Every structure is written in structure tokens, then in C-alpha cells.
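**Q**
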Amino acid sequence: DGGITQSPKYLFRKEGQNVTLSCEQNLNHDAMYWYRQDPGQGLRLIYYSQIVNDFQKGDIAEGYSVSREKKESFPLTVTSAQKNPTAFYLCASTGTGVNQPQHFGDGTRLSIL
Amino acid sequence: DQQVKQNSPSLSVQEGRISILNCDYTNSMFDYFLWYKKYPAEGPTFLISISSIKDKNEDGRFTVFLNKSAKHLSLHIVPSQPGDSAVYFCAAKYAGKSTFGDGTTLTVKP
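Residue numbers (this note's numbering), protein chains in the order written: chain F, 1 to 113; chain L, 1001 to 1110.
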């Protein structure tokens, strides 16, 4: 089945440690996105990539980093510089075309201990 | 400054009745609008969309209405079913980026 896989579903880390969230898609989509969702709030864009080896900052990029070395993979690193990293993180991708909807993974819930 | 707002955090309707979810936006540059549905512990899934050049789009039980002059869109679900209970997000697109509202939790009671 084609889709987006985020792993792990739950992640716990100690304060001050960097942590990397995985996102893999087999939809052959060019564009990929990372969002953060806090309780009672909508999705806020962290980073996005419209093509391999290129990515742009979203609205809340501070404290995060990404890479896009392969079309199917878009890992997100939450660095120790992110002041409030505990949240639900969603990865999405979009196919070719002007107004294609986004396909989402099932998310990773990150908790900082 | 929130550019996409869903002012009702929750909505409860009886099975078989109409559900109306509302969304307001402030940026007139948005040119495409989408609704997503989200169940707990899952990612959002696409439901229905509308281009800014249209005022209505229908897909089965779901209809989206767009009022550009009021910068308002709404999602109508008729008839509502218990399986429709979920969080609904509206999203507005411009230049390839989507801006999401905070979501409305719909509960359809049997």
C-alpha cells in the first residue's frame, strides 16, 4: 500500500538531547512537509521541501533541522535549541499538481522528560 | 495573527441531521481551500476542496461553500452519521503552502 510512514509513534527523550523523527513515503511525491500540533491547536508548518536536496523554513523552524537527500525520506531533527519540543509531529507529502491535497502520516508524539 | 480561524472548537449534532462547520480567513491571497478529517492517533485525511473561483463543491454527503467577499467557507455534512465524529480542519493554500485552522471536534450522536 502506498502511504507515509512515521516512526516511532511515541518517542521519549531527555532534555538537552537532539532527536530525529523519521518520515518515509512511497507515493513518489516530490513535496514533503513537517507540521507540529499542540493540544487544541491547528497544524503549524516547521519545514517543507519541494524537491530533493532543497528545503525551506516554515513558520516555526527555530530549533529544528531537516534534510532531503532522497525523494522518499524527509527526517526532522528536534535540537536542544527547541525550547518546548513536547508535541505531536506530523509529516505530509503532496503529489505533482497545483492544488493537490496533502497525504499525512499517523504522527509521532514526542515527549521530553 | 491567525490567518485561518475555526471559531467553534466543538459541535454536537444528532444522527441524520445536518452538520455545519465554519471557517474564516483573513488573507485574500489564499486561492484554494481544503477540509481534512482527523481521528484520534491518526494523521488527517483529505475530505473535500474548493477553488477560489468557485462557490460550491459537492461530493456525496459533503458540500463545501465558499463566500469570498466574506472570506468564509463552510462544510455541510448531510445526513450526519456517527462515523463522522472526528476533528475537522480547514486549510487555505497559497504558493504551495497550507495554513490550517485549529479544528472543530464534531460529535454525531446516535
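From the three backbone atoms N, C-alpha and C, an ideal C-beta is built for every residue, glycine too.
Just so we're clear, the structure is a prediction, and the values are computed from it rather than from any experiment.
(1) The beta strand (DSSP E) with residue 113 of chain F in it runs from where to where?
(2) Against residue 1060 of chain L, what residues of chain F qualify as contacts under a CB-to-CB distance less than 7 Å, listed in chain order?
(3) Straight-line CA distance for residue 1107 of chain L to residue 1079 of chain L?
(4) Using a beta-carbon distance below 9 Å, is residue 4 of chain F in contact with chain L?
(5) Chain L beta carbons: is any one of them nearer than 9 Å to that of residue 99 of chain F?
(6) Please tell me whether residue 6 of chain F and residue 105 of chain F are closer than 9 Å, where the distance is taken between their beta carbons.
(7) Hey, does residue 1016 of chain L have any beta-carbon neighbour from chain F nearer than 9 Å?
(8) Note the first and the last residue of the continuous beta strand (DSSP E) segment covering residue 56 of chain F.
(9) Cα separation between residue 12 of chain F and residue 102 of chain F?
(10) Would you report the Cα separation of residue 113 of chain F and residue 64 of chain F, rounded to the nearest angstrom?
(11) Would DSSP call residue 106 of chain F helix, strand or coil?
(12) Using a Cβ-Cβ distance cut-off of 9 Å, determine whether residue 29 of chain F contacts chain L.
(13) Could you name the residues of the same chain whose beta carbon sits closer than 8 Å to that of residue 43 of chain F, not counting the 5 residues immediately before and after it, in chain order?
(14) I need the DSSP call for residue 1055 of chain L, collapsed to helix, strand or coil.
(15) Name the one or two DSSP bridge partners that residue 1099 of chain L has.
(16) If contact means a Cβ-Cβ distance below 8 Å, which residues of the region 54-71 of chain F contact chain L?
(17) Under three-state DSSP, which class holds residue 1084 of chain L?
(18) Quick one: list the residues of chain L neighbouring residue 76 of chain F, beta-carbon separation under 9 Å, in chain order.
(19) Please return the same chain residues whose Cβ sits closer than 8 Å to the Cβ of residue 1103 of chain L, not counting the five positions on each side in sequence.
**A** According to the structure shown:
(1) Here residue 113 of chain F corresponds to residue number 113 of the first sequence, with the count starting at 1. Counting along the chain, residue 113 of chain F falls outside any beta strand (DSSP E), and DSSP gives it neither H nor E.
(2) Position 60 of the second sequence, counted from the start, is the residue given in the question as residue 1060 of chain L. Within 7 Å Cβ-Cβ: nothing; residue 1060 of chain L doesn't reach chain F, min ~16 Å.
(3) Here residue 1107 of chain L refers to the residue found at position 107 when the second sequence is read from its first residue. Here residue 1079 of chain L refers to the residue found at position 79 when the second sequence is read from its first residue. One C-alpha to the other measures close to 13 Å.
(4) By one-based count along the first sequence, residue 4 of chain F stands at place 4. So yes, residue 4 of chain F belongs to the interface.
(5) Walking along the first sequence from the start, residue 99 of chain F turns up at place 99. Yes, residue 99 of chain F lies at the interface with chain L (some Cβ there is under 9 Å from its Cβ).
(6) Translated into positions along the first sequence, residue 6 of chain F becomes position 6. Translated into positions along the first sequence, residue 105 of chain F becomes position 105. Cβ atoms of residue 6 of chain F and residue 105 of chain F: closer than 9 Å.
(7) If you number the second sequence from 1, residue 1016 of chain L lands on position 16. Chain F, which has no Cβ nearer than 9 Å to the Cβ of residue 1016 of chain L, makes this no.
(8) Taking the first sequence and counting its residues from 1, the one referred to as residue 56 of chain F is at position 56. Segment 54-57, the beta strand (DSSP E) holding residue 56 of chain F.
(9) The residue labelled residue 12 of chain F in the question sits at position 12 within the first sequence. The residue labelled residue 102 of chain F in the question sits at position 102 within the first sequence. So the two alpha carbons sit approximately 27 Å from each other.
(10) As a working note, residue 113 of chain F is residue 113 in the first sequence. As a working note, residue 64 of chain F is residue 64 in the first sequence. Going from the Cα of residue 113 of chain F to the Cα of residue 64 of chain F covers about 18 Å.
(11) Taking the first sequence and counting its residues from 1, one reaches residue 106 of chain F at position 106. Three-state DSSP puts residue 106 of chain F in coil, outside helix and strand.
(12) Residue 29 of chain F sits at position 29 when you count from the first residue of the first sequence. Answer no: the Cβ-Cβ gap between residue 29 of chain F and chain L never drops below 9 Å.
(13) Here residue 43 of chain F corresponds to residue number 43 of the first sequence, with the count starting at 1. Within the same chain, residue 43 of chain F has close Cβ partners 35, 36, 37, 90.
(14) Mapped onto the second sequence, residue 1055 of chain L falls at position 55. Residue state, collapsed to three classes: coil.
(15) Indexing the second sequence from 1 puts residue 1099 of chain L at position 99. Note: residue 1099 of chain L sits in a beta bridge opposite L:1092.
(16) 58
(17) Here residue 1084 of chain L is taken as the residue at index 84 of the second sequence, counted from 1. In this structure, residue 1084 of chain L counts as helix in the three-state DSSP scheme.
(18) For the purposes of this step, residue 76 of chain F is taken as residue 76 along the first sequence, with counting starting at 1. The contacting residues do not exist; residue 76 of chain F stays about 15 Å from chain L at best.
(19) Looking up residue 1103 of chain L in the second sequence gives position 103. 1006, 1009, 1038, 1087, 1088, 1089.
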